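Enquirer:
Protein chains: 2
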Amino acid sequence: MKIALRGGAVTGMVVISLSLLGVGILFFLFGGLQDPQHVPYQLVGFGFGASLVALFAQLGGGIYTKAADVGADLVGKVEAGIPEDDPRNPAVIADLVGDNVGDCAGRGADIFESTAAENVGAMILGTALYPVFGIKGILFPLIVHAINLVASFIGVLVVHSREDQDPMDALNRGYYVTTLLALAGFAGAVYYMLQGRWWLLACGVIGMLTSFLFVRITEYYTETRYRPVQSIANASLTGPATNIISGLAVGMETPAMPVIVISAALLLSYYFGVRGLADSSITDYAKGIYGTAIATMGMLSSAAYILAMDTFGPITDNAGGIIEMSNQPDSVREKTDKLDAAGNTTKALTKGYAIGSAALAAFLLFSAYLETVHGIVAQRFADAHQILPGDWSFTNINLASVPVFVGALLGAMLIFLFSSFAIKAVGRTAQYIIEDVRAQFRENPGIMAGTSKPDYGRCVRIVTGAALKQMVLPGALAVLTPLVVGLVFKNLSGSFHIHIPGEYSPVLNGHSIDLAGAEAVAALLMVGTIVGILMAMLMNNSGGAWDNAKKYIETGAHGGKRSEAHKAAVVGDTVGDPFKDTAGPSLHVLIKLLATVTLVLAPLFL
Amino acid sequence: MKIALRGGAVTGMVVISLSLLGVGILFFLFGGLQDPQHVPYQLVGFGFGASLVALFAQLGGGIYTKAADVGADLVGKVEAGIPEDDPRNPAVIADLVGDNVGDCAGRGADIFESTAAENVGAMILGTALYPVFGIKGILFPLIVHAINLVASFIGVLVVHSREDQDPMDALNRGYYVTTLLALAGFAGAVYYMLQGRWWLLACGVIGMLTSFLFVRITEYYTETRYRPVQSIANASLTGPATNIISGLAVGMETPAMPVIVISAALLLSYYFGVRGLADSSITDYAKGIYGTAIATMGMLSSAAYILAMDTFGPITDNAGGIIEMSNQPDSVREKTDKLDAAGNTTKALTKGYAIGSAALAAFLLFSAYLETVHGIVAQRFADAHQILPGDWSFTNINLASVPVFVGALLGAMLIFLFSSFAIKAVGRTAQYIIEDVRAQFRENPGIMAGTSKPDYGRCVRIVTGAALKQMVLPGALAVLTPLVVGLVFKNLSGSFHIHIPGEYSPVLNGHSIDLAGAEAVAALLMVGTIVGILMAMLMNNSGGAWDNAKKYIETGAHGGKRSEAHKAAVVGDTVGDPFKDTAGPSLHVLIKLLATVTLVLAPLFL
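So the protein lines, in turn, are chains G and E.
When the letters of the first sequence are read in order and numbered with this note's numbering, they come out as residues 402 to 1007.
When the letters of the second sequence are read in order and numbered with this note's numbering, they come out as residues 402 to 1007.
1) Can you list, in chain order, the residues of its chain whose CB lies under 7 Å from that of G929 of chain E, leaving out five sequence neighbours each side?
2) Rounded C-beta distance between A850 of chain E and L572 of chain E? I'm assuming under 8 Å.
3) Does the segment 976-991 of chain E come into contact with the segment 656-665 of chain E, if we say contact requires no fewer than three beta-carbon pairs (one atom in each stretch) closer than 8 Å?
4) Name the DSSP bridge partner or partners of N845 of chain G?
5) Leaving out five residues before and five after A410 of chain G in sequence, what residues of the same chain have Cβ atoms less than 6 Å from its Cβ?
6) Can you tell which of E:T983, E:V493, E:G858, E:G677 has its C-alpha closest to the C-alpha of K825 of chain E?
7) Should the segment 840-856 of chain G be called in touch with the segment 802-811 of chain E, which here means at least 3 C-beta pairs below 8 Å?
8) Using only alpha-carbon positions, find the residue among E:G699, E:V675, E:L550 that is nearest to G689 of chain E.
9) Evaluate I539 of chain E with the Cβ neighbour count: other Cβ atoms within 10 Å of its Cβ, from every protein chain shown; 16 or more gives buried, anything less gives exposed.
10) Should the segment 509-529 of chain E be called in touch with the segment 449-460 of chain E, which here means at least 3 C-beta pairs below 8 Å?
11) Relative to the C-alpha of R859 of chain G, which residue among G:Q459, G:G413, G:I834 is closest?
12) Can you have a look at N1008 of chain G and say buried or exposed, based on whether 16 or more other CB atoms are within 10 angstroms of its CB?
13) Out of E:L750, E:A634, E:H775, E:E836, point me to the one whose CA is closest to W947 of chain E's CA.
14) Give the residues from the segment 812-828 of chain E that approach chain G closer than 7 Å (Cβ to any Cβ), ordered along the chain.
15) Grouping DSSP H, G and I as helix and E and B as strand, with all else coil, what is N490 of chain E?
16) Count the other CB atoms within 10 Å of the CB of E654 of chain G; is the residue buried (16 or more) or exposed (fewer)?
17) Take L669 of chain E as the anchor and find which of E:D680, E:S682, E:I695 has the nearest alpha-carbon.
18) Inspect the beta-carbon positions of G933 of chain G and L988 of chain G and report whether they are closer than 8 Å.
19) Tell me, to the nearest whole angstrom, how far the beta carbon of L550 of chain G is from that of S418 of chain G; I am working on the premise that it is less than 8 Å.
20) Which of the three DSSP states is assigned to N892 of chain E in this structure?
21) Does the beta carbon of L810 of chain E come closer than 8 Å to any beta carbon on chain G?
22) On the CB-based measure, 16 or more other CB atoms within 10 Å of its CB, does G535 of chain G come out buried or exposed?
23) Whose C-beta lies closer than 6 Å to the C-beta of I901 of chain E among residues of the same chain, with five residues either side of it excluded?
24) With 16 as the cutoff for other CB atoms within 10 Å, does G903 of chain G come out buried or exposed?
25) Please tell me whether, using a cut-off of 7 Å, the distance from the CB of N941 of chain G to the nearest non-hydrogen atom of the ligand SAH is below it.
26) Between the alpha carbons of T466 of chain E and R963 of chain G, how many angstroms are there, rounded?
27) Assess, as a yes-or-no matter, whether the segment 948-957 of chain E is touched by the segment 427-436 of chain E under the definition of 3 or more beta carbon pairs within less than 8 Å.
28) Among all the DSSP beta bridges, which residues are the ones paired with N799 of chain E?
29) Please list the partners that P979 of chain E has in chain G, where partner means a Cβ-to-Cβ separation under 8 Å.
30) Nearest-angstrom Cα distance between I848 of chain E and A831 of chain E?
31) Please list the segments of the alpha helix (DSSP H) lying wholly inside the segment 646-708 of chain E, counting only runs of 4 or more residues, in order along the chain.
32) Ends of the alpha helix (DSSP H) at S457 of chain E?
33) For G918 of chain G, which residues in the same chain have their Cβ closer than 6 Å to its Cβ, ignoring the five residues on either side in sequence?
34) With a cut-off of 8 Å, does the C-beta of P656 of chain G fall near any C-beta of chain E?
35) In chain E, what lies closer than 7 Å to I931 of chain G by C-beta?
36) Does any residue of chain E bring its CB to less than 8 Å from the CB of L789 of chain G?
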């Protein structure tokens, strides 16, 4: 248990440290100490790079793992009639490789990106507070994360578990220790760096509470003992159709509570931000947004520990598999089974955590986008030696204006289309595996007879190539849609814009700057984020609930294994697989990629 | 064929005429001729009433029809082992009644509401054009719809079909005649009432084109001969799980093209509106929005004919059933089968049409909401004998402000939750039926033996009561969410509002009016509408595609009836049923209900 968690902790620590070091080193290399107000904008490229890699890791990994899983099962169990994970199946190694590619690497890249994006976003907002805190406000997020790393490290060290204990209790104890230490560190950082403004510490506490509530809500929707999973298991009694219907109904219900929590967290941290900075001269909006940024930091404060818990899952899973293959005594098996069940829970919880932090980070990046557009316009005026009116700010994304409404419509559509592409990519890649396995069986009849070994490597190569190829279309969709929308709407302000009396576009060289492109992209980003969060919750939680409904029936309920109810539950589980392991987690990354891609491309939209 | 269509036409004509008469008579009774600028606002109640009734008709009807269908099938076919529609099943009459309640009454209420909402919305916008057109601009929508009724009537009359012809060809011919006549009538109305501003006629043409494209796109996604249905049928070969996955992937893909069409239609009609009214003194925004209102009228111009086509479906369906029961010769059967297939297609097409018109009508109602809020503020100033600054307008729904963002988040969440409730209501109501049928079998063993008749009436009563009860929760959700959001955010402007330099809230009696509630509700409405449109498309089209994939396999493809592929396709069809007949169409109505409820409640949010 300790070994598994510490194995996971290595990943967690390394990922967060690298993300932190990357941002920190770039900040100093770019001369952040001399010019702290402009360098954060240049770090956006780092966040964008992280997003792009994360999309490839998560989407490609997700396609890989599920395609290998589905393909191996269909061609092995259904066509050839050999059991799951039978060494005669040429796709079995690809299936095992997929578990690591998708679950560990994918989630690591996801959290790496969340941290990087949040650091960069918070630093950009920190520049707005430069008059108040100086460079300390900009470096605050980096320092807080360094403290959190230490807190998580200690949290991992305190996890001890006795034989007779539920491993979840031990893991939860570590989580509480981490959170308390992070809170103490946060308070210290606020005291020394932010002039002891305790309202800002309250923002951080809100973030921590949000992360706690998200984890608990996910637990409610995906754990066997609560109503949602029970209702799916009951519905399995009347066949696969009712199982699917009730799973989808549960999935559609899941966003409700998290949305209310996020809404409350945003409103409160905004309000506390305004209170905490009441005496400074910046606008209320900048104060409030800085408050939400600190809440995001609070939410991410236990990221390293959560990631250690997440990676803990696959490690115990593989340990269980090895113990089974090597014929260890049953008592050993029981222990790893308990750990395995805890691993399944932590995997679901981290997804809930990841989507919550993605939601907060996205709102932060959205604000950073508005700041960036403002910065670009200011730069143009500076270049032309003209003066930007000091009271102008780019904060007007008006849903009643047609380009903004159309941008919003396209943002929502993008999420649906991306999900569709991601799900279809799994199906297509699985098809390649099925064809290859069939070909191997045909070419070498010794495989089925057990006399010769199948070519595992060929399957791995094929699924790798296919996953990479199938990833191109959804990836391109994510990057190109904001680009196309921004460029198409670039010159539409003239007749499409709502003239708000008093509101104006700044006039440069006699022409007012056209903001329709930048505004349409902002709406695309924001509504895309909203819909993406809800869709990801629907997919992650319905997938998890289907999976556990199946497991619940396997424990003997409703007739147990080999009953009709179990068959129906297996159908639900299979539908849930691409939901929770490909499309859902890819949406987390898509949300952040949309935010960073618009940040990087912003100059093109003006 | 003629009889079926004319039977449908009666519904179509009566529904549209009543809607038109209702709005028209109320307008005159309220003294519209004396005070044309204020009376349209008072008609909002009519639209709200229509929405509420439509929600009950559509949602209650949808729950009724699907619960009776699912319940009767499960308890009859699965438990008792008697064939579908066997008279020994006590729920069989409830099932047949449900077909009429859900399909005919529901859709009729839907279109009634679209027409009523669009009329009221367009008249409210017309008041903004009062300086340009006088009362003619306000009455224009009523006159255009009256002309359209005549056009649809003639369209229905020209439908003749010979024995050897595809009935769809004849129906399409009627559709083209209706559209051409409506176009001519539109041109006449523009000439006499809108000073012959031909750019405005172009807006109407865009609406007609949009309706045409929506129908064609729906056809692509739900007809057997195209890729989407084929891909679902292929996926059925590998079992129910892959059938469900590919059906959901198709469903998520479906919004893409309609969204692009709607976006283009909005942008073009807005632009044409601005061009058409270039010489008048009102703001560009009012001009553009009036353009989109005229496009909506264009889209709804063939509503009566489309509704006739829609009601045609159930009529031919029942005719086929009666012919089968009464042992007519096969040649008669073949004719009605052809008509029945055409009926299925028209049912899917009208749903595509209904969602398209709901989307345009919602944008219109959103603009009407902004106008109404402006009117309320103006009234308060008038009551206090103060002067509202003439340049102030309520058009600023800024996504970067926290209350607006939270409102948007809650709007999207509402759609997901409503869909979940609607789907679950079907399951619960089906449960009541199953219990009653079991009880009847127990109480009276003569039913199964065929010696005594079951109590059909008891089943009908139970499902009616249950459907009405299950409807309460989603219905309350739709009405209460905007109310709660508006009231909660009513007094938050203080610290939460973004201060846009130059933008201001008007000051009354020394206090600036707090707009946060009205703005949050506007965002809820708008993002709820966007997500609702996409969700409804997903559900309608995936449901239709699953249904037709099953029908395609039943024609003999992939092994035909009784093959494994057919069993898998039946699972998909069952999942699709509550999608396409309960949740999807209820979302059309929900969108419009949200719009009218916010219009009616607007005074409470200020």
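Every residue, glycine too, gets a C-beta built ideally from N, C-alpha and C.
None of these values were measured; they are calculated from a predicted model.
Expert: Judging by the given coordinates:
1) For the purposes of this step, residue 929 of chain E is taken as the residue at position 528 of the second sequence. Excluding residues within five positions, the ones whose Cβ falls inside 7 Å are G812, A813, L815, I816, L995.
2) Position 449 of the second sequence, counted from the first residue, corresponds to residue 850 of chain E. Position 171 of the second sequence, counted from the first residue, corresponds to residue 572 of chain E. Not really, about 46 Å apart at Cβ, beyond 8 Å.
3) no
4) Translated into the one-based positions of the first sequence, residue 845 of chain G becomes position 444. DSSP, once it has assigned bridges, lists no residue as partnering N845 of chain G.
5) Here residue 410 of chain G corresponds to residue number 9 of the first sequence, with the count starting at 1. The answer, listed in chain order, is V557, A709.
6) The residue labelled residue 825 of chain E in the question sits at position 424 within the second sequence. Minimum Cα distance to K825 of chain E is reached at E:T983.
7) no
8) Counting from one through the second sequence, the residue named residue 689 of chain E turns up at place 288. Comparing Cα-Cα distances from G689 of chain E to each of E:G699, E:V675, E:L550, the minimum goes to E:V675.
9) As a first step, residue 539 of chain E is located in the second sequence; it is residue number 138 there, counting from the start. By the neighbour-count rule (16 or more Cβ atoms within 10 Å), I539 of chain E is buried.
10) yes
11) Within the first sequence, the letter at position 458 stands for residue 859 of chain G. Comparing Cα positions, the closest option is G:I834.
12) The question about residue 1008 of chain G has no answer, for chain G in this structure spans 402 to 1007.
13) Taking the second sequence and counting its residues from 1, one reaches residue 947 of chain E at position 546. With distances taken between Cα atoms, W947 of chain E lies closest to E:A634.
14) A813, M814, F817, L818, S820, S821, I824, K825, G828
15) Numbered from 1 along the second sequence, position 89 holds the residue referred to as residue 490 of chain E. Of the three classes helix, strand and coil, the one that applies to N490 of chain E here is coil, per DSSP.
16) Stepping through the first sequence from its first residue, residue 654 of chain G is reached at position 253. Buried, since its Cβ has 16 or more Cβ neighbours within 10 Å.
17) As a position in the second sequence, residue 669 of chain E is number 268, starting the count at 1. Minimum Cα distance to L669 of chain E is reached at E:I695.
18) Within the first sequence, residue 933 of chain G is the residue found at index 532, counting from 1. Within the first sequence, residue 988 of chain G is the residue found at index 587, counting from 1. Closer than 8 Å, so yes.
19) For the purposes of this step, residue 550 of chain G is taken as the residue at position 149 of the first sequence. For the purposes of this step, residue 418 of chain G is taken as the residue at position 17 of the first sequence. Yes, L550 of chain G and S418 of chain G are in contact; Cβ-Cβ is about 6 Å, under 8 Å.
20) The count along the second sequence starts at 1 and reaches residue 892 of chain E at position 491. N892 of chain E falls in the coil class under three-state DSSP.
21) By 1-based counting over the second sequence, the position of residue 810 of chain E is 409. Answer yes: the Cβ-Cβ gap between L810 of chain E and chain G drops below 8 Å somewhere.
22) Within the first sequence, numbered from 1, the residue matching residue 535 of chain G stands at position 134. By the 10 Å Cβ count, G535 of chain G comes out exposed.
23) Here residue 901 of chain E is taken as the residue at index 500 of the second sequence, counted from 1. Confidence at I901 of chain E is low in this model, with a pLDDT of 47, below 50, so its placement is unreliable and the value that follows should be read with caution. Cβ neighbours of I901 of chain E beyond the five flanking positions: none.
24) Looking up residue 903 of chain G in the first sequence gives position 502. With a pLDDT of only 44 at G903 of chain G, under the threshold of 50, the placement of this residue in the model should not be trusted; the figure read from the coordinates follows. Result: exposed.
25) The ligand SAH is absent from the structure shown, which contains no ligands of any kind.
26) For the purposes of this step, residue 466 of chain E is taken as the residue at position 65 of the second sequence. For the purposes of this step, residue 963 of chain G is taken as the residue at position 562 of the first sequence. Spanning the two alpha carbons is a distance of roughly 34 Å.
27) Short answer: they don't touch.
28) Counting from 1 along the second sequence, the entry for residue 799 of chain E is found at position 398. Looking at the DSSP assignment, N799 of chain E forms a beta bridge with G:N799.
29) In the second sequence, the residue the question calls residue 979 of chain E occupies position 578. The contacting residues are I646.
30) Looking up residue 848 of chain E in the second sequence gives position 447. Looking up residue 831 of chain E in the second sequence gives position 430. Each residue's Cα considered, the two are about 21 Å apart.
31) 657-677, 685-700
32) The residue you call residue 457 of chain E lines up with position 56 of the second sequence. The amino acid at residue 457 of chain E is misidentified as Ser; the sequence shows Phe. Per DSSP, F457 of chain E belongs to no alpha helix (DSSP H) and is neither H nor E.
33) Taking the first sequence and counting its residues from 1, one reaches residue 918 of chain G at position 517. Excluding sequence neighbours, G918 of chain G sits near G887, F890, K891, F1006.
34) Taking the first residue of the first sequence as position 1, residue 656 of chain G is located at position 255. Chain E, which has a Cβ nearer than 8 Å to the Cβ of P656 of chain G, makes this yes.
35) Numbered from its first residue, the first sequence carries residue 931 of chain G at position 530. Chain E residues near I931 of chain G: A809, L810, A813, V928.
36) Translated into positions along the first sequence, residue 789 of chain G becomes position 388. Output row for L789 of chain G: interface = no.
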